[in-house]
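Residue numbers (our numbering), protein chains in the order written: chain A, 487 to 631; chain B, 487 to 631; chain C, 487 to 631; chain D, 487 to 631. The C-beta atom is built at its ideal place from N, Cα and C for all residues, glycine as well. Following: one structure in structure tokens, then a few remarks.
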């Protein structure tokens, strides 16, 4: 895994299935977009999460925070900004900003903490090479944004 | 597995997450309810699908038809009527009627065909005991309804 | 709206559609269950959220926290315990404990804050009668649990 | 609306949320991808479905068929080929082929019929200009594929 990544940007368009009868995106779906951001972030480091899973690494979400600033609507172009804010031997933390791409309006800010588990579901240290690449990509959350 | 089942009825209430901005249930979600009906049907035969999976049986959907008659809305009470309409050594077919429970309005009629596969995804005959119980529960679709 | 409610318990069973390839419930789906708990809590106060919406009240999620303690699996029986922990003229806060019903294992603890908006999406005070009933049902979060 | 479209191709990547514990994409999610294909098809004709809805046009799914040929997995690159196969004053029919983009493997073939309804849910003829553009884009299903 090569890399010098500090933030990745993922692009998507709101699907009809993601709206609810309030006419906006159903709130739980932003977590799906955060995961999409996380997937792109890990891929940018040189190895996809799909490959990591095939090697026995599992990253399970342990904590979530989300704050909703404005609502996304059907067909809106969306950008998810993803950063890795902390990493230990068995834990990672990501921060996300979900914005409307055409107006740059902040829609949701979110964080997720993840734990590294093995295939039986027990906490397990990440492989050393994976951790080294992740460590190089950390950008602490206290950077003023 | 004991049993003398010909139709099961599953009950649920429409979740907000299942609606879309048209103010009705998003069409793909009826397939989730059909699967819920199938799960209840199999459980009624004496062994849950979760147990079948632990024994190595996998039933994968191979064909779907759905016809939409009327729309379900948030918080509506729903009933899914499920029948097994055909069974072979490696195939099953189910038929469903999704109705609004308080008015008996027919919302969706659907069918799914399933194939029995092993854990590697290849077609595989169902265990003889499972098949025997299923065969006893078949109610052909040409029964006039 | 009559009432003297302090906690409601909602029951459900994990759907196949709610699992992911890690073999457990996909994390975003717990938010759907929390909303189901919230719906039942409001209904227990005497008026369903569906009715509130027809009267022009909209409650939009503004903040979410979730902590994952253990994983739910397909077909597990689930209970969602829901409490109202705070209420103002335009804001409410709920706390949830999602447990596995047959073992009482705590799976997820979560909170959501909601804001009252009108049909155009602007912050709007809740109707006085709705607020009065909600206020009678508040159980602050600092009650030692 | 300009146009001379006969087939559109939509690209996406399988999300983790779209898998189930069988390790493949949950079958109902292909319908979400078909809708995405339909959205892109309509947009290619010169006016987005979001705009059509703002003009009062609603297209509701009335019939679905799906046949599953092979399973998509997490992170697979997917292409949805979408064609309009029939159109009347109040009805449209689309056909889809969902393929794995890197191997061209056919995963799912599907059809959906849609009806044009007004904002109260009643059948309503499509606006003449919308229908004219759609008619020019029809490619009947009996074209040998």
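To which residues of the same chain is residue i closer than 8 Å at the C-beta, ignoring the five residues directly before and after it?
i: residue 595 of chain D; result: 552, 553, 555, 581, 582, 583 and 584
i: residue 609 of chain D; result: 576, 601, 602 and 603
i: residue 542 of chain D; result: 604 and 605
i: residue 719 of chain B; result: Residue 719 of chain B lies beyond the residue range present for chain B, which begins at 487 and ends at 631; the question has no answer from this structure.
i: residue 540 of chain B; result: none
Take the Cβ of residue i as the centre, count every other Cβ of all protein chains shown within 10 Å, and call the residue buried at 16 or more, exposed below.
i: residue 523 of chain D; result: buried
i: residue 506 of chain A; result: buried
i: residue 612 of chain B; result: buried
i: residue 618 of chain B; result: exposed
i: residue 501 of chain A; result: buried
i: residue 593 of chain D; result: buried
i: residue 614 of chain C; result: exposed
Determine the contact status of residue i and residue j, defining contact as a CB-CB distance below 9 Å.
i: residue 511 of chain C; j: residue 545 of chain C; result: no
i: residue 565 of chain C; j: residue 496 of chain C; result: yes
i: residue 568 of chain B; j: residue 526 of chain B; result: yes
i: residue 538 of chain C; j: residue 624 of chain C; result: no
i: residue 504 of chain B; j: residue 560 of chain B; result: yes
i: residue 494 of chain A; j: residue 550 of chain A; result: no
i: residue 558 of chain D; j: residue 607 of chain B; result: no
i: residue 514 of chain D; j: residue 627 of chain B; result: no
Between residue i and the rest of its own chain, which residues show a CB-CB distance below 6 Å, the 5 nearest in sequence each way excluded?
i: residue 563 of chain D; result: 499, 587 and 588
i: residue 572 of chain B; result: 579
i: residue 535 of chain A; result: 525 and 528
i: residue 575 of chain C; result: 611
i: residue 509 of chain A; result: none
If you drop the 5 nearest sequence neighbours on each side, which residues of the same chain put their C-beta closer than 7 Å to that of residue i?
i: residue 548 of chain B; result: 599, 600 and 601
i: residue 591 of chain B; result: 556 and 585
What does residue i reach in chain F if we use C-beta pairs closer than 9 Å?
i: residue 505 of chain D; result: Of the chains in the structure shown, none is chain F; the protein chains are A, B, C and D.
Q. In chain order, which continuous runs of the beta strand (DSSP E) of length 3 or greater are located wholly inside the stretch 497-561 of chain D?
A. For the stretch 497-561 of chain D, whole beta strand (DSSP E) runs of length 3 or above, ordered along the chain, are 544-554.
**Q.** Complete beta strand (DSSP E) runs within the stretch 590-619 of chain D (minimum length 3 residues, chain order)
**A.** 592-603, all fully within the stretch 590-619 of chain D.
Q) Touch check for the stretch 527-536 of chain A and the stretch 514-522 of chain B: three-plus C-beta pairs under 8 Å? A) Touching, no.
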